Amino acid sequence: MEAIPSAEELIAAVTAFREREAFGAPSAHDLYLMRVAENVLKIVEREALLKPTAEAAEAARLASLLGPKAKASDLAKLIRDGAFDEGTQRRALIAHLKASVVDQIAIDNPKWALP
Amino acid sequence: MSWANDRLAEELKAALGLARIENLVRLSGGASRETWAFGDGTRGYILRRDPAGAGGSEGTVDRETEARVIEAARLAGAPAPKIVKILDPHAFVMERLAGETDPRTIQREPSFDVARRRFAEDCAGALARIHATPFEGLPKLSLMDAEAQLSLYRGILDRFGAVRPIFELAMRWLLVHRPAAIAPVLVHGDFRLGNLLIGPNGLIAALDWELAHFGDPAEDLGWLLVRSWRFGAKREAGGLASFEELVAAYPRPIDPTRVRYWQIFGTFKWGVMCLIQADRHLSGRQASLEHAAIGRRASEAEYDLMNLLG
């Protein structure tokens, strides 16, 4: 799944935050941003661990749904045009998207997943 | 106090004609607006302003319009802070009311027992008053029904070049199932835990009116039911009341199907808002770690959408 910002962009944002000029004791807002930074680095760690498997599984599901050369953008366009409005195709699509988002939430925020 | 704070204090003193400004402090939280608290020795005030360089984002009103909406809604009986002064299109000062906005404190502290029990009734009642605000007292606002909002968010996603099949699925569903036209009312647009000032005895004021517009009253109820605003608790309305309790507490007839539609819409909208925040950072318009991090919350909305639509 598309993840924005990328891991590289997240690391750059944390680095920029750490390198900014700071005077005196950290404010409440600074402390809040330090927690955000910690959290962001954990996302990057989980992504390094989980993304390769998730991407391969997603590509395989997409191929069985739309054919070997299909891209996520093709799927997006078909959904937009109403090709998946009903029937068995819709059920297959929903199974695919659920599997993808379950993998993505395991990277972005595993606590969000429902039991 | 830093030099920048000293200068802000001087500016506020002059603009408000106050003899003194004390305890000027930036309140934490709020990714897109700055909130400052201060006093003059007698009363407490809140300054709400745009951070330097932040332009208005689509679907939001400027600070001057926001202040005028707050004042009109308050005069119509809605719980809202009194506006002290509009400084310019980017900043206004309002009275500081005593209360709590922190969702987890409101959800957990024993002293908020009564407020928690009254939550559905207070919110539904406040929303009905907001929705009854006469148009004559209000500034010009956009009419944003489901179709107009879908086209707004469609445009934003296309401009980002975002490839998000789950958002496509949601938009398609929202387009096919959009409710019949209804007489538009003033919609708060961001009425949810975090933007609600609550005291031990219940709701004191609705804050953060920058998403105000004309539209479907069910939109505000649906937004309050979005999972992000439960802050980890279970019950659908802010973790404090059920869907059914909230809908039943609304003092005028409202179709639960319509509310459910706007809950799904709200979940989608929150997801797009996460991408908008990330874009503010990535485009360099407002580079901040906070905005960058919110981008990765879009998948929470996608996860919830799959549960709501699947």
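If you read the protein sequences in the order shown, they are chains Z and S. Counting in this note's numbering, the first sequence runs from 9 upward without gaps. Counting in this note's numbering, the second sequence runs from 28 upward without gaps. C-beta atoms are modelled at their ideal positions from N, C-alpha and C, and glycine is treated no differently. Everything numeric in this text was worked out from a predicted model, so none of it was measured.
Inter-residue spacing [alpha-carbon to alpha-carbon] between residue i and residue j
| i | j | result |
| --- | --- | --- |
| M28 of chain S | D67 of chain S | Reliability fails at M28 of chain S, whose pLDDT of 49 lies under 50, so the model's placement of it is uncertain and the value that follows must be treated cautiously. Cα to Cα, M28 of chain S sits roughly 16 Å from D67 of chain S. |
| L165 of chain S | I321 of chain S | 32 Å |
| A189 of chain S | R28 of chain Z | 30 Å |
| R101 of chain S | R262 of chain S | 29 Å |
| A41 of chain S | D115 of chain S | 14 Å |
| G249 of chain S | V286 of chain S | 5 Å |
| L57 of chain Z | A173 of chain S | 40 Å |
| Q97 of chain Z | D111 of chain Z | 22 Å |
| R254 of chain S | M333 of chain S | 13 Å |
| P278 of chain S | W289 of chain S | 18 Å |
| A20 of chain Z | P78 of chain S | 22 Å |
| P160 of chain S | A11 of chain Z | The question names Pro, but residue 160 of chain S in the sequence shown is Thr. Going from the Cα of T160 of chain S to the Cα of A11 of chain Z covers about 41 Å. |
| D331 of chain S | P13 of chain Z | 20 Å |
| V120 of chain S | H37 of chain Z | 21 Å |
| N228 of chain S | T128 of chain S | 14 Å |
| Y180 of chain S | R47 of chain S | 45 Å |
| K109 of chain S | I97 of chain S | 8 Å |
| V141 of chain S | A94 of chain S | 30 Å |
| A78 of chain Z | L39 of chain Z | 45 Å |
| T23 of chain Z | W200 of chain S | 40 Å |
CB-CB length for residue i against residue j, believed under 8 Å
| i | j | result |
| --- | --- | --- |
| P192 of chain S | L83 of chain Z | 5 Å |
| L238 of chain S | T62 of chain S | Rounded, the Cβ-Cβ distance is 16 Å, inconsistent with contact. |
| H215 of chain S | W236 of chain S | 6 Å |
| A151 of chain S | A276 of chain S | 4 Å |
| Q176 of chain S | A260 of chain S | Actually they are not in contact, since the Cβ atoms of Q176 of chain S and A260 of chain S sit about 27 Å apart, beyond 8 Å. |
| F194 of chain S | F295 of chain S | 6 Å |
| E91 of chain S | I73 of chain S | About 16 Å separates the two Cβ atoms, so there is no contact after all. |
| A232 of chain S | L224 of chain S | 4 Å |
| E317 of chain S | L41 of chain Z | 6 Å |
| A325 of chain S | H308 of chain S | Not really, about 13 Å apart at Cβ, beyond 8 Å. |
| L230 of chain S | D306 of chain S | Actually they do not touch by this definition, with Cβ atoms about 33 Å apart. |
| A103 of chain S | R156 of chain S | 6 Å |
| H158 of chain S | P244 of chain S | 4 Å |
Where residue i falls: helix, strand or coil (DSSP)
| i | result |
| --- | --- |
| A264 of chain S | strand |
| D129 of chain S | coil |
| N50 of chain S | strand |
| V88 of chain S | coil |
| E272 of chain S | helix |
| A314 of chain S | coil |
| D243 of chain S | coil |
| M198 of chain S | helix |
| G95 of chain Z | helix |
| V109 of chain Z | helix |
| M28 of chain S | Caution is warranted here: a pLDDT of 49 is assigned to M28 of chain S, below 50, making its placement in the model unreliable, and the coordinate value is therefore given only provisionally. It is coil, neither helix nor strand. |
| T23 of chain Z | helix |
| G182 of chain S | helix |
| M333 of chain S | helix |
| L122 of chain Z | coil |
| R60 of chain S | coil |
| M121 of chain S | strand |
| D217 of chain S | coil |
| R95 of chain S | helix |
Status (buried if at least 16 other CB within 10 Å, exposed otherwise) for residue i
| i | result |
| --- | --- |
| A106 of chain S | The sequence given here places Pro at residue 106 of chain S; Ala does not occur at that position. It is buried - the Cβ of P106 of chain S has at least 16 other Cβ atoms within 10 Å. |
| S108 of chain Z | buried |
| E94 of chain Z | exposed |
| R143 of chain S | buried |
| G265 of chain S | buried |
| L70 of chain Z | buried |
| A31 of chain S | exposed |
| P342 of chain S | In the structure displayed, chain S extends from 28 to 337; residue 342 of chain S sits before or after that span and is not available. |
| I209 of chain S | exposed |
| A349 of chain S | Since the first residue of chain S shown is 28 and the last is 337, residue 349 of chain S is not available in this structure. |
| G75 of chain Z | exposed |
| E5 of chain Z | Summary: the structure shown does not reach residue 5 of chain Z, with chain Z confined to residues 9 through 123, and so no result is reported for it. |
| F139 of chain S | buried |
| P123 of chain Z | exposed |
| F270 of chain S | buried |
| L267 of chain S | buried |
Below-7 Å beta-carbon distance, residue i vs any chain B residue
| i | result |
| --- | --- |
| P192 of chain S | Checking the listed chains, one finds no chain B in this structure; the protein chains it contains are Z and S. |
Output, in sequence order along the chain, the residues in the region 293-304 of chain S whose CB is closer than 9 Å to any CB in chain Z. Contacts with chain Z (Cβ-Cβ distance below 9 Å) from the region 293-304 of chain S involve C301, L302, listed in chain order.
Please identify, using Cβ separations under 9 Å, the residues of the region 251-276 of chain S that lie next to chain Z, in order along the chain. Across the region 251-276 of chain S, CB contacts with chain Z closer than 9 Å involve R254, G259, in sequence order along the chain.
Proximal residues, the region 91-106 of chain Z versus chain S, C-beta separation under 8 Å: Of all residues in the region 91-106 of chain Z, F92, D93, L101, I102, L105, K106 have a Cβ within less than 8 Å of some Cβ in chain S.
Can you pull out the residues from the region 318-331 of chain S whose beta carbon lies closer than 8 Å to at least one beta carbon of chain Z? Listed by position, the residues of the region 318-331 of chain S near chain Z (Cβ gap below 8 Å) are A319, A320, G322, R323, R324, A325, S326, E327, E329, Y330.
Beta carbons nearer than 8 Å to chain S: which residues of the region 11-26 of chain Z have them? Legend: CB atoms of the region 11-26 of chain Z lying less than 8 Å from CB atoms of chain S belong to residues A11, I12, P13, E17, L18, A21, V22, A24, F25.
Relative to chain S, which residues along the region 41-68 of chain Z have a C-beta separation below 7 Å, given in chain order? Under the 7 Å Cβ criterion, the region 41-68 of chain Z contributes L41, V44, A45, N47, V48, I51.
Give me the subset of the region 92-118 of chain S whose CB atoms are less than 8 Å from a CB atom of chain Z, sorted by chain position. For the region 92-118 of chain S, no residue has a beta-carbon sitting nearer than 8 Å to a beta-carbon of chain Z.
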